[in-house]
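For the sequence shown, position 57 matches number 57 in UniProt numbering, and the numbering has no gaps at all. Structure first, commentary second.
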Amino acid sequence: MLSPFVELRRKLHQIPEPGFQEFKTQRLLLDELSKLPQDRMSIRTWRTGILVYIRGLNPAKRFGYRADMDGLPIPEDTGLPFPSEHPGYMHACGHDFHMAIGMGVVTHFVHHPMKDDLVVLFQPAEEGPGGALPMLGADEFQDWKPDQMLALHIAPEYPVGTIATRPEILFANTSELFIDLHGKGGHAAYPHRANDMIIAASQMVGQLQTIVSRNVNPLDAAVVTIGKLEAGTKQNIIAENARLEGTIRTLSADSMRQVKRRIEAITAGIEASFECEAKIDYGSNYMQVFNTPDVTREFMDWLKGRDNVTLVECTEAMTGEDFGYFLEQIPGFMFWLGVDTPHGLHHAKLNPNEDAIELAIATITAYLEFKSV
Ligand SMILES: CC(=O)N[C@@H](CCC[C@H](N)C(=O)O)C(=O)O
1 MLSPFVELRR KLHQIPEPGF QEFKTQRLLL DELSKLPQDR MSIRTWRTGI LVYIRGLNPA
61 KRFGYRADMD GLPIPEDTGL PFPSEHPGYM HACGHDFHMA IGMGVVTHFV HHPMKDDLVV
121 LFQPAEEGPG GALPMLGADE FQDWKPDQML ALHIAPEYPV GTIATRPEIL FANTSELFID
181 LHGKGGHAAY PHRANDMIIA ASQMVGQLQT IVSRNVNPLD AAVVTIGKLE AGTKQNIIAE
241 NARLEGTIRT LSADSMRQVK RRIEAITAGI EASFECEAKI DYGSNYMQVF NTPDVTREFM
301 DWLKGRDNVT LVECTEAMTG EDFGYFLEQI PGFMFWLGVD TPHGLHHAKL NPNEDAIELA
361 IATITAYLEF KSV
């Protein structure tokens, strides 16, 4: 028989929604919450998110667990018997797991309250445009603000039973990147009468790749990825417009500034050399995930005493997470949860091992009970 949280994960998996449009997801979670004993629990909604407060027996502190809610624009190709019902959308970053685990934590503590209080956050729009920063500033959150927070992210590369984390930086600073190029279109047979934005965009993609290799200190990691390139309308028409969409990742704020300066210089060069207009938009930016050193070290030491968990002290990753904004204000940490699948995050075949769900619920609830004395 399936655990109720695996069942919930499967239902969530079928309804992936874009950031701030997690309407069905919110409804499903609210329905599940309504089936639980209500005497210790208060529930608030904030946009498409949910905040759940569970009162402890004799509270002196307030802990927080955060799960993100949104899916990604990826057509699912897992072959699972419970595939996404939303064409072109998939939970390809494990947020279905994060939410099911969050519901497991809520369920445990409404039945077995700990001494301290707990707030479980279901946060919209982690993939973009970012729900953490506005949720953090919302009144609904501010008067329930925890004293310590934690969150997890599934890790395809680790076996089930592995938890990986580190004190200090775990995830990178991020910035989205959108560049629009506008030139002069025309007949494919008359290139000398037009400014071809396909050539300009192609040159630009190549030049952007020199930033990390030539302008950033190799000891201070950075990434510039262009994930989407759009241009043109037909094979015999010279393209008037092109659009590049990508992301910047850096381990330091200095490198982020340096990468942006170089992007702006390259863009000005493209404008001059192709006699076109260019517009840069940095979209949403995420704060690095900086794990509070003493709290993280304490969690790691505590994990070493648990039979069913293998602790890995990992290196930093160039992934981004808006949970970094919570950690900027509230002590705590994020960790990787091994889910043992050959396909990585943001892949159409990502199929995390569901055994990790119960393991995560047991680990988080035991850790909070250890802390709440
Ligand atoms: C864990 C993970 O995959 N997070 C996303 C966060 C997206 C940040 C933003 N939309 C961007 O693309 O810069 C990631 O892509 O790392």
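Yeah, the Cβ is synthetic: ideal placement off N, Cα and C, and Gly gets one too.
Cβ-Cβ distance between residue i and residue j below 9 Å
| i | j | result |
| --- | --- | --- |
| D220 | L251 | yes |
| Y325 | N173 | no |
| A239 | A231 | yes |
| D70 | A138 | no |
| D196 | F274 | yes |
| D96 | H13 | yes |
| M135 | G19 | no |
| P16 | M90 | yes |
| V6 | E354 | yes |
| T162 | G338 | yes |
Cα-Cα separation between residue i and residue j, rounded to whole angstroms
| i | j | result |
| --- | --- | --- |
| S3 | S202 | 50 Å |
| Y368 | H182 | Position check: residue 368 holds Leu in this sequence, whereas Tyr was assumed. Computed Cα separation, rounded: 55 Å. |
| E277 | Y190 | 21 Å |
| I280 | E264 | 8 Å |
| residue 374 | S213 | Examination of residue 374 is not possible in this model, given that the chain is present from 1 through 373 alone. |
| R257 | L359 | 40 Å |
| R166 | S34 | 37 Å |
| L208 | V224 | 7 Å |
| Y282 | M334 | 26 Å |
| K260 | G246 | 13 Å |
| P218 | I364 | 37 Å |
| P146 | L327 | 11 Å |
| D322 | M149 | 13 Å |
| E22 | G102 | 16 Å |
| T292 | I330 | 9 Å |
| P159 | D340 | 4 Å |
| G185 | T310 | 59 Å |
| H108 | T78 | 31 Å |
Beta-bridge pairing of residue i - partner residues as DSSP gives them
| i | result |
| --- | --- |
| Y65 | V120 and L150 |
| Y53 | S42 and V119 |
| M90 | L72 |
| I15 | Looking at the DSSP assignment, I15 forms no beta bridge with any residue, so it has no partner. |
| R27 | None; R27 has no bridge partner. |
| A231 | A242 |
Ligand 3 heavy atom lying under 8 Å from the CB of residue i
| i | result |
| --- | --- |
| C93 | Summarising the ligand content, the structure contains ligand 1 and does not contain ligand 3. |
For a minimum of 3 consecutive residues, which ranges assigned as the beta strand (DSSP E) are wholly contained in the region 143-213? List check, beta strand (DSSP E) in window: 148-155, 162-165, 168-171 and 173-182.
4 or more residues per run - each alpha helix (DSSP H) lying fully within the region 251-292: Within the region 251-292, the complete alpha helix (DSSP H) runs of at least 4 residues are 253-274.
At 3 residues or longer, what runs of the beta strand (DSSP E) sit wholly inside the region 285-364? Assignment of beta strand (DSSP E) within the region 285-364, counting only whole runs of 3 or more residues, yields 289-291, 310-313 and 332-338 in chain order.
With contact counted as at least three CB pairs below 8 Å, one residue from each stretch, are the region 78-88 and the region 56-66 in contact? Contact between the region 78-88 and the region 56-66 is absent, with fewer than three C-beta pairs closer than 8 Å.
Touching by the beta-carbon criterion (3+ pairs, under 8 Å), the region 115-130 and the region 50-58: Short answer: they touch.
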